[in-house]
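Below is one structure, written out as structure tokens; the observations come after it.
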Amino acid sequence: MKHWLLLSLWLPLCALDLSIQSGKEDKKPYSILHLSDANDFTCLPIRNDYNEIIRIECDIPKTSTSKFSPIHNAHFTVEHKASASSYKIFITPKTKIALYADSFDLRKVPQIYVSSLKPTKRWSVIGYSDTIPLIGSGEANPNALNLPIPSAKETYPYVGGLDLKGNPIKMNRIQDVNDYMELKKAYMNEDYAKTLSLAKQTLDKYPNTIFKNELLLYQIRALHFMDKNEQLIPLAKQFIRQYSGDQAIAEVLAYTGDAYSKIGQIGESDYFYKRLFSEYSDTDFAMKGMFLKAQQLEVTGNPKPASKLYRQVLETTKDVDLASSSAFRLANIEIGLGRLENAKTYIDQIARANPGYFTKVREKSLSMIDTYTENKDPKTAAKITLCLLDKSLPKSDEHQSLLKNLGLLYASAGEKEKALTRFDEYLKLYPNAAGAPEVKHAKDGLFFETSEPKGSEGLKKYNDLIDQYGNDSVGQQALYKKAQLLLKEEKYQEVLDIESDLYRLNTKDFPDVNTIISKSAIELTKQKLKVLKCAEAMTLHKMYRIKLLPQWDGLTFNCALRMGNFPVAKKIATPHLKASTIAERQLWLSRLAKMHLHLGEYKETIRAGDEAVTLLEAQKNPSLNEVYRTLFDAAERLGDDLKMIDYIKGCESSFGTNFADIERYTKMVSVGLKRKDEVIVQNYANRVVTLQNRTKTYTQSPFIEFTLAQSFINQEKNNDALQVLKTLNARNLTAEKRARQQYLIGSLAMKLGKKAEAKVAFTTSIKADAKSAWGKLAKDALGLL
Numbered sequence: 009m010k011h012w013l014l015l016s017l018w019l020p021l022c023a024l025d026l027s028i029q030s031g032k033e034d035k036k037p038y039s040i041l042h043l044s045d046a047n048d049f050t051c052l053p054i055r056n057d058y059n060e061i062i063r064i065e066c067d068i069p070k071t072s073t074s075k076f077s078p079i080h081n082a083h084f085t086v087e088h089k090a091s092a093s094s095y096k097i098f099i100t101p102k103t104k105i106a107l108y109a110d111s112f113d114l115r116k117v118p119q120i121y122v123s124s125l126k127p128t129k130r131w132s133v134i135g136y137s138d139t140i141p142l143i144g145s146g147e148a149n150p151n152a153l154n155l156p157i158p159s160a161k162e163t164y165p166y167v168g169g170l171d172l173k174g175n176p177i178k179m180n181r182i183q184d185v186n187d188y189m190e191l192k193k194a195y196m197n198e199d200y201a202k203t204l205s206l207a208k209q210t211l212d213k214y215p216n217t218i219f220k221n222e223l224l225l226y227q228i229r230a231l232h233f234m235d236k237n238e239q240l241i242p243l244a245k246q247f248i249r250q251y252s253g254d255q256a257i258a259e260v261l262a263y264t265g266d267a268y269s270k271i272g273q274i275g276e277s278d279y280f281y282k283r284l285f286s287e288y289s290d291t292d293f294a295m296k297g298m299f300l301k302a303q304q305l306e307v308t309g310n311p312k313p314a315s316k317l318y319r320q321v322l323e324t325t326k327d328v329d330l331a332s333s334s335a336f337r338l339a340n341i342e343i344g345l346g347r348l349e350n351a352k353t354y355i356d357q358i359a360r361a362n363p364g365y366f367t368k369v370r371e372k373s374l375s376m377i378d379t380y381t382e383n384k385d386p387k388t389a390a391k392i393t394l395c396l397l398d399k400s401l402p403k404s405d406e407h408q409s410l411l412k413n414l415g416l417l418y419a420s421a422g423e424k425e426k427a428l429t430r431f432d433e434y435l436k437l438y439p440n441a442a443g444a445p446e447v448k449h450a451k452d453g454l455f456f457e458t459s460e461p462k463g464s465e466g467l468k469k470y471n472d473l474i475d476q477y478g479n480d481s482v483g484q485q486a487l488y489k490k491a492q493l494l495l496k497e498e499k500y501q502e503v504l505d506i507e508s509d510l511y512r513l514n515t516k517d518f519p520d521v522n523t524i525i526s527k528s529a530i531e532l533t534k535q536k537l538k539v540l541k542c543a544e545a546m547t548l549h550k551m552y553r554i555k556l557l558p559q560w561d562g563l564t565f566n567c568a569l570r571m572g573n574f575p576v577a578k579k580i581a582t583p584h585l586k587a588s589t590i591a592e593r594q595l596w597l598s599r600l601a602k603m604h605l606h607l608g609e610y611k612e613t614i615r616a617g618d619e620a621v622t623l624l625e626a627q628k629n630p631s632l633n634e635v636y637r638t639l640f641d642a643a644e645r646l647g648d649d650l651k652m653i654d655y656i657k658g659c660e661s662s663f664g665t666n667f668a669d670i671e672r673y674t675k676m677v678s679v680g681l682k683r684k685d686e687v688i689v690q691n692y693a694n695r696v697v698t699l700q701n702r703t704k705t706y707t708q709s710p711f712i713e714f715t716l717a718q719s720f721i722n723q724e725k726n727n728d729a730l731q732v733l734k735t736l737n738a739r740n741l742t743a744e745k746r747a748r749q750q751y752l753i754g755s756l757a758m759k760l761g762k763k764a765e766a767k768v769a770f771t772t773s774i775k776a777d778a779k780s781a782w783g784k785l786a787k788d789a790l791g792l793l
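Each step along the sequence shown adds one to the number in our numbering, with nothing skipped, and position 148 is 156.
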């Protein structure tokens, strides 16, 4: 257990002293607050319903009057409150805390006892995260006797040498050594039954032996490897209770947790594993315990958390066998989940670092070989087979079988030289074996064809062979060669046209059929992307799970976006956000912002777009200024007026007054109305009017004219408002809108003293829609005239 301590704060507050120390125990931080005063004072813990301290209040004598600012650290906050009659200090926990009264001065008091909370001159508060540091955390038994412990000053007892239990060593106690050494020898030879028997006999003959803890430990070890879990548990508990300071405690905790898990008591198992991982995390057996815990999870049908623990062991332990066991377990889990490619990573690690391990799990290794052989991966199967072969006895049945299979696997993998070497070795060692004819045939098959026909000549030959021999070995070989030739001549669609026939080929004979199909699909996808046939390209992309090189990402992204395949678009864009060049990051941030906008992820749109704008300000790239429009649209959907105002300025500086932004200007008019900002309303309404007049397109009428006129009216610019409303005379309006327009013209004409014009306008409003509110208002106004 490692400690470090740092004095972090000391405050002399008149008679009261306050100091805070911080430190670490087992890499976990803690803090200690010391309070001392010349006079006795009381600190009381305030607890919640779960007996947890939620506040500590200390009542200090009024002689302490100093004030200080609140003190904060990771574990608690210290504050004070002074009044005319009292001076209090409050400690509020941020983690767990404990309160102790320092009631004894061992320099002056000869005995100590358990002290209840009462006034004393010194108090300590410890803040910690999980386990209380420096001292034991066991609670006192309320039914026990509270007897004083003498502590006489300057007494130095001497008892001589002690054994591991703390008892004096008697030199005549050595007759048990031979039995102990014989026991260790049996254990090293993995004779666990003998180990168990010798341990019991030695303890019976020498009950006071100095090796008692070791004998108990070897019993626990033997029972663990014999899988006698119910017998192991009581011995393990005895060891933990009697030898809590023994260096083998971590090992015993690991075996105890494993034993409980194997008898189905998972709660008890988790308790011992938790102790192991928290108290002995830096030991080798913490890794062993983690491995055993992972086994428990795997057996109980929890492969995901089991894999996590296996990986942690694999990445942390220095024990090669334990690492190999973890890697092998991980490989099996991945195979069980159908992820054979992932499993290969762990198989490669074992093959490189500890190839002999496959022999220790021979049956499972053979099963793994069969799995990879059946799943068209003879290279991986060959790798495991080679490891087993190297540890097998020459001339044995196992050696013969492995050597033959290794040659066949190399042949299936297309590794002709390696296959030839193994076939020759087999025929030399076992020329008359039952497997010799199969090996000879496979050796001949390596040289099936030295030169392959090309072009139309080759295709004709292969087609003739397919027609003649159909689905036998010759026809299958011809079909395979035809697919290879089509791929070579870039006739990718024709390869995919015979895809179903290729999948019917014998996978042992033709291991790379999938590669031919996938390469054809990839190249055909590229062709479709080049000519912007997005639907076909994305269909191929999805069907064959295609991954192209980064230079194709732009075309693929645009097609995915066009086809609404946003998950693919996002997956393509993400790696480019960490590109080394500003230009590439600008481009992909702009694309990502547009994608988020399509998905309705407006906050993400603004985050990506703002980053793109920052980069554009550092390095200009006018072709990407479209990002301002994307940002404006996202801000508008979020209802963020300030950002809309900011981004529309970017649009204006990038594109001027552009018809593409006419709807954005209209939305800015709405922002002005919302904010009651006539400048914004008139500015963007005038832009819309200008663009409509320029293009003879009046998509925003009559809303924009009514709004602009009202803004002028609000500022008493009645003549300007009148002129704007008159422009609607040339527009096709609904009856209700026409009634409104004419009423407003009449109202403004009256204000300007143009009664004749007003009368005409009111009359026109009534004719347009007499039943509308505007028509009725016009009728009333006409009556006043």
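Quick reminder that beta carbons are idealized off the backbone N, C-alpha and C, glycines included.
As the structure is a computational prediction, the values presented were derived from the model and not from experiment.
For the alpha helix (DSSP H) that contains residue i, what are its first and last residues?
i: Ser205; result: Tyr200 to Lys213
i: Lys226; result: What sits at residue 226 in the sequence shown is Tyr, not Lys. Tyr226 -> alpha helix (DSSP H) spans Lys220 to Met234.
i: Glu306; result: Asp292 to Val307
i: Asn701; result: Glu686 to Thr703
i: Arg739; result: Unbroken run through Arg739: none, as it is neither H nor E.
By the three-class DSSP mapping on this structure, what secondary structure does residue i have?
i: Ser39; result: strand
i: Glu612; result: helix
i: Lys161; result: Interpretation of Lys161 is limited by its pLDDT of 46, a score under 50 that renders its predicted location unreliable; no figure is taken from the coordinates.
i: Phe98; result: strand
i: Leu24; result: strand
i: Thr50; result: strand
i: Glu713; result: helix
i: Lys775; result: helix
i: Val539; result: coil
i: Lys32; result: strand
i: Asn180; result: Low local confidence applies: a pLDDT of 40 at Asn180 is under 50, so the model's placement there is unreliable, with the coordinate-based value given in what follows. Of the three classes helix, strand and coil, the one that applies to Asn180 here is coil, per DSSP.
i: Arg63; result: strand
i: Asp561; result: helix
i: Ser289; result: coil
Give every residue of the same chain whose Cβ lies closer than 6 Å to the Cβ of residue i, excluding the five residues on either side of it in the sequence, and list them in chain order.
i: Leu142; result: none
i: Thr325; result: Met295 and Ala331
i: Leu730; result: Leu756
i: Lys516; result: Ser420
i: Leu597; result: Ala616, Glu619 and Ala620
i: Lys502; result: Just to set this straight, residue 502 is Glu in the shown sequence, not Lys. If we look at Glu502 and ignore the five residues flanking it on each side, its Cβ neighbours are Leu494.
i: Ala339; result: Ala351, Tyr354 and Ile355
Judging by CA-CA distance, which residue of the options is the nearest neighbour of residue i?
i: Gly422; options: Asn413, Pro386 and Lys448; result: Pro386
i: Lys424; options: Pro402, Glu87, Ala450 and Ile753; result: Ala450
i: Ser39; options: Phe574, Phe84, Lys536 and Leu548; result: Phe84
i: Pro101; options: Phe518, Glu65 and Gly31; result: Glu65
i: Arg739; options: Lys32, Phe714 and Glu724; result: Phe714
i: Lys70; options: Lys89, Ile79 and Ser77; result: Lys89
i: Tyr878; options: Ile688, Gln690, Thr735 and Asn471; result: In this structure the chain extends from 9 to 793, so residue 878 is not present and cannot be described.
i: His80; options: Gln718, Arg283, Ile228 and Ser27; result: Ser27
i: Ala766; options: Leu540, Gly754 and Asn47; result: Gly754
i: Phe711; options: Val687, Arg748 and Ile274; result: Arg748
Who are the Cβ neighbours of residue i in its own chain at under 8 Å, not counting the five residues just before and after it?
i: Arg570; result: Cys542
i: Thr210; result: Asp184, Asp187, Tyr188, Leu191, Thr217, Phe219 and Leu223
i: Met551; result: Ala529
Along the chain, where does the beta strand (DSSP E) containing residue i start, and where does it finish?
i: Trp847; result: Given a span of 9 to 793 for the chain in the structure shown, any question on residue 847 remains unanswerable.
i: Tyr108; result: Lys104 to Ala109
i: Ala90; result: Phe84 to Ala90
Thinking residue i and residue j are a contact (beta carbons under 8 Å), I'd like their distance in whole angstroms, please.
i: Asn633; j: Ser662; result: 4 Å
i: Leu487; j: Leu513; result: 7 Å
i: Ala267; j: Ile241; result: 5 Å
i: Leu760; j: Asn726; result: 6 Å
i: Cys567; j: Leu600; result: Their Cβ separation, rounded to whole angstroms, is 16 Å, which puts Cys567 and Leu600 out of contact at 8 Å.
i: Thr203; j: Tyr214; result: Actually they do not touch by this definition, with Cβ atoms about 17 Å apart.
Leaving out five residues before and five after residue i in sequence, what residues of the same chain have Cβ atoms less than 7 Å from its Cβ?
i: Asp67; result: Phe49, Thr50, Ser94 and Lys96
Consider the C-beta atom of residue i and the heavy atoms of the ligand MN; say whether any pair is separated by less than 6 Å.
i: Lys784; result: Absent from the structure shown: the ligand MN. Ligands present: none.
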